[in-house]
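Let me begin by presenting the structure, written as structure tokens, before commenting on it.
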Amino acid sequence: MNPSTFDFRIGVFLLIGLMIALSGCDINTDPGIPSIEKRVVIPLYYETFTADSVAAQSDYLQVNSDQCDLELTYSDTLDSRRLESELTIGTISETVAVEVGWIELEDPGVAASDAIELQDFFPEAANLDEQEATIPDIGTVDPLSVEIAAFSTFQEIEIETAEATVTLDNNLVIPLTDVSIYLYNSDESTPVTFAEIDEILPGESQSTPIDLNGKRLSNQLRAEIGFSSPGSNGEIVLIDAESSFNIDMAIHQLSVRSATARIPSQTFEDTTRVTWSEPNRVISAGISSGRLRLEIENDLPLAADEILLVFDNFKQNGQPLEVPATLEPSGSSIVTVDMSGYELLSLDGEGVIEQIQAQVYVQTEASDGFQTIYATDQIQANIQLQNFSFDYFRGILAPSEVDLGEVATGSIFGDEVSGLDFVHLTELQTYLNVEYNCEEPHEGRLFIDLTGLVIESVKYETGETREFYIGTVDYIECGMNRLDVSGTGEWETFGDFFNNLPDSIIVSGYARIGDGESEVYVADDDELRISVDIESPLVMVLPDEEDVNVIKVRSTPEEIEMEQRVIDAIGRGDILTVIGTAYIINGFPGGALPTLYFGKTPDAVFDENAPAEERLVLLGQEEDMLRVGQLNPDGTVAEPSESVIQLDLTPEQIDFFNSKFIYAGATVRVFAQNDNPVRFTCEDVVEIYFNLDMEINLNDEWRDEGNE
């Protein structure tokens, strides 16, 4: 029977068998013992075991379609490492102060001095009052002191800039020449500033700017005025002793460094920067989580009814982050902003971010009465960028080591394929797979150094360990990088590393991600996966010990429907003999021991603990061992061996088939029967065909039921 073309079906063809039996029966003519004897052949079970069957029952065996070999494989993967842990920034905190700067005050307007009368510096005028006379050359007059009326908008100021003038109105009948004007704070002896006017004619008004920039003024000033006069130049004039001249002082566009004043509403603007000193240098990044926390303190005696911080490095939908706040006089406030969904961007879109820039706008309320304020007063903000993580990152990753953990596989080839201590691996290929998994190709490439990766084998019985170091993988792009490490390491071949198969393989080490120099683009769901693959044709040197089970493979339980008349015959005891015949072809390269099981349920077929009435075992004894067929020099099967095994069923075994449904299954165990290497291929096959040959007594009762 050709297993490659056999479309096997499991079932009972009893009806066909009985029809054949009736066509060739022998009739007993003895009227005293009416009976019909018939031999019925029931094809009960057929199964083919191939290399595919073996591979299907092991995680570590497969059929190599290219070489038609049964191949020993092992693959294990370290836990995937998402790069999100690399895309984080701890808390950055920096306190920055926005000084109020120069305070703009309301225009204090014009303040006038007391008048200086003619008789104050020409006493004779009192005797000549209302008379016409000549006023002689007066010469240089000692400085005269006058008080200037107090400014109402401030009490004291330290001027940054101002537009200021003094004006002299000469209501005298004589000119004033070489006029000098010195201004003093009223309680001080050192002049604040001075001005000069060359000549002021009778009835004329002259103005000149005066320098108040950087000067400190009280609201009460006095002036000392020095001058000379040629008198009336020989002309006769009408003398008015109380005629006078006076000084007006005007201040406009007043900006001060400090003031005790009525302070109008102010708007202050400034730019502050927080140093970005993280080792991961960002060009752009999408923020998945993190907070911006502002602790704002107002040192001003004025309420800040509007504070706005604008962060141009943080944008959402193209708009910069704006953080508003309000503060009471000398008050404080804490504002937090959830930064998820924002982007962190360099201002030019290309350079690495060195600083986070904040534009600060402060609007203060007008003072209620006089308030003292200084340009050095501050709106102080502690800016904290707390625990940022990114869903993507474009920039330069600082070198960091990621512990890859450990894969300890235990018994690396599991329990399904036992006895592999005697396997000899040839043509072994071992690969290290480094996969950088990302949604789509990104700009730049990720630097990964796997110098620290170690594959270690452990032999528990001897305590022996061996280590195998992997070289460097760097600058990988999306996708798989597959390293063939079969021929590297301290041994001539990597096969030497595994030929005395270990009890476990341990893969451990670290990956160094990023080189601190190359620009990359990575995302938080990008993964780094590392796995080890071992692939080799299964070439075994089997020990010459029949009790060593090298490979065990079993079929799937199949349902068999028994013919009702056979069931009835068994029940009446009309079964004369039953012989089980197994036709077996052994195309496996080792000795094979087939075992045939029957069960009343599918679970009972292979359940060793099932009760005897639920499970029947046929074959499986030492005498059922199949010899090895003829082998080729490379250990593959040249010619299979064929065997026929017959079993006489006992009444108890026959009675087992007294059931409507029976389930059948088989196992094949491959043993060593020589000490030469053997090699499995996909053409190897073990074929089992099992019949029940039954002799049935067809008596009168059977005929009375209407059978011919």
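Letter by letter, the sequence shown follows residues 791 to 1498 in this note's numbering.
Glycine included, C-beta positions come from ideal geometry on N, C-alpha and C.
Here the alpha carbon of I938 sits roughly 14 angstroms from the alpha carbon of Q945. Less than 8 angstroms separates the beta-carbon of A1093 from that of T1154. At a Cβ-Cβ threshold of 8 angstroms, N1088 and S1122 count as neighbours. Rounded to whole angstroms, C1228 and E1317 show a C-alpha spacing of 7 angstroms. Taken in chain order, the region 862-891 contains no complete alpha helix (DSSP H) segment of 4 residues or longer. By the CB criterion at 8 angstroms, I1015 and I947 fall outside the cutoff.
In the three-state reduction of the DSSP assignment, Q1010 falls in the coil class. Counting along the chain, I971 sits inside the beta strand (DSSP E) bounded by residues 966-975. In this structure, L1082 and L1175 form a Cβ contact; the two beta carbons are roughly 6 angstroms apart against a cut-off of 8 angstroms. Here G1021 carries a coil assignment [DSSP, helix/strand/coil].
Proximity to V956 across V969, T924, P999 peaks at P999, based on C-alpha coordinates. Here the alpha carbon of L1439 sits roughly 8 angstroms from the alpha carbon of T1367. For the pair N1070 and A1156, the CB atoms are not nearer than the 8 angstroms cut-off.
By the neighbour-count criterion, in which a residue is buried when 16 or more other Cβ atoms sit within 10 angstroms of its Cβ, K1450 is exposed.
Taking 8 angstroms as the cut-off, the beta carbon of I1320 is found no closer than this to the beta carbon of L1437. In this structure, L1482 is the residue among L1421, A1428, E1307, L1482 with its C-alpha nearest to the C-alpha of L1386. Taking a 10 Å sphere around the C-beta of R1469, we find 16 or more other C-beta atoms and assign the residue as buried. P913 carries a helical assignment under DSSP once its states are collapsed to helix, strand and coil. Within the region 1418-1486, complete alpha helix (DSSP H) segments of at least 4 residues are found at 1441-1445, given in chain order. Here E1325 has E861, T863, Q1219 as same chain residues with Cβ atoms under 7 angstroms from its own Cβ, once five neighbours each way along the sequence are excluded. The beta carbon of I1041 is closer than 6 angstroms to those of P898, A952, A954 in its chain, skipping five residues each way along the sequence. In this structure the region 910-928 touches the region 1019-1034; the number of beta carbon pairs closer than 8 angstroms is three or more.
Residue V1224 holds the alpha-carbon nearest to the alpha-carbon of L1243 among E874, V1224, E978.
Between the region 1001-1018 and the region 975-984 there are three or more inter-stretch CB-CB distances shorter than 8 angstroms, so the stretches are counted as touching. As the crow flies, the alpha-carbon of R1184 is around 58 angstroms from that of V1475. DSSP places Q945 in the strand class (E or B) of the three-state scheme. A straight-line Cα-Cα distance of about 39 angstroms links E986 and D1158. Straight across, the Cα-Cα distance linking N1376 with Y1226 is about 47 angstroms.
By DSSP's assignment, R1063 forms a beta bridge with Q1147.
Looking at the DSSP output, K828 bridges to I1486. Your pair I1296 and F1388 does not check out as a contact, with CB atoms roughly 45 angstroms apart and the cut at 8 angstroms. DSSP places L1243 in the coil class of the three-state scheme, outside both helix and strand.
Classified as buried, G1370 has 16 or more neighbouring CB atoms from the shown chains inside 10 Å of its CB. Residues of the same chain with a CB within less than 8 angstroms of the CB of M1415, apart from the 5 flanking positions on each side, are E1336, G1381, A1382, L1383, F1461 in chain order.
When C-alpha distances from E896 are compared across F1178, P913, R1417, Q1056, the shortest belongs to Q1056.
With contacts defined by Cβ atoms closer than 8 angstroms, L1099 and V1150 form a contacting pair.
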